[in-house]
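Numbering (my numbering), first residue to last: 51 to 233.
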């Protein structure tokens, strides 16, 4: 037995089961607006979560820095023991970092070339006697540092190259070695 039921808002006289899907203009009331609201709320929540994750940084990266053990003030054109600076490489938590390389470059003071030292390696050309720990290095300036005319004080910048097989990074500024004409 077939039903001849029709809806009250439909002007067609076709029976219910034979109504064409293409001509059906009915919809579930409120569905499109609910769908749009859900989509907007979802996108806003996703943007908020991604913004929070963006501020965290790379997981596992640890900042390294330099701690100058000796006096951080050296005299311009001074060689020998007075031109050597003992530095330690540590991470942001104060833990020792081994197998790192410390590089000194000219800042406001002049430096002939680049001075570098690897931790736990004592160069043979040192004038002083050092008992290095695995996280320490000695920078030997050997008179390569100087100041420009009419300059009394300058700086030498330090950079750390962390071990390649670690999660250490050096992105923050490190302490500088000061170079003075007379002190």
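Backbone N, C-alpha and C define an ideal beta-carbon position, used for all residues, glycine too.
What whole-angstrom Cβ distance do residue i and residue j have, given they're in contact under 8 Å?
i           : j           : result
residue 182 : residue 172 : 6 Å
residue 227 : residue 124 : 6 Å
residue 204 : residue 165 : The Cβ separation is near 15 Å, so there is no contact.
residue 224 : residue 115 : 5 Å
residue 220 : residue 210 : 4 Å
residue 148 : residue 179 : Between residue 179 and residue 148 the Cβ distance is about 22 Å, and since that is not below 8 Å, they are no contact.
Using three-state DSSP, classify residue i as helix, strand or coil.
i           : result
residue 167 : strand
residue 228 : strand
residue 154 : strand
residue 147 : coil
residue 98  : helix
residue 197 : coil
residue 161 : strand
Considering just the uninterrupted stretch of the beta strand (DSSP E) at residue i, what are its terminal residues?
i           : result
residue 141 : 134 to 141
residue 190 : 186 to 190
residue 204 : 203 to 211
residue 123 : 123 to 125
residue 117 : 112 to 118
Which residue's Cα is closest to the Cα of residue i: the options?
i           : options            : result
residue 188 : 134, 86, 84        : 134
residue 113 : 179, 217, 208, 157 : 217
residue 154 : 195, 146, 138, 206 : 206
residue 143 : 88, 170, 111, 163  : 111
residue 145 : 184, 232, 191      : 184
residue 163 : 103, 190, 186      : 190
residue 175 : 159, 92, 192, 186  : 192
residue 231 : 196, 215, 122      : 196
residue 157 : 214, 91, 198       : 198
Would you check whether the ligand PLP has a heavy atom nearer than 8 Å to the C-beta of residue i?
i           : result
residue 190 : Of ligands this structure carries none, so the ligand PLP is not represented either.
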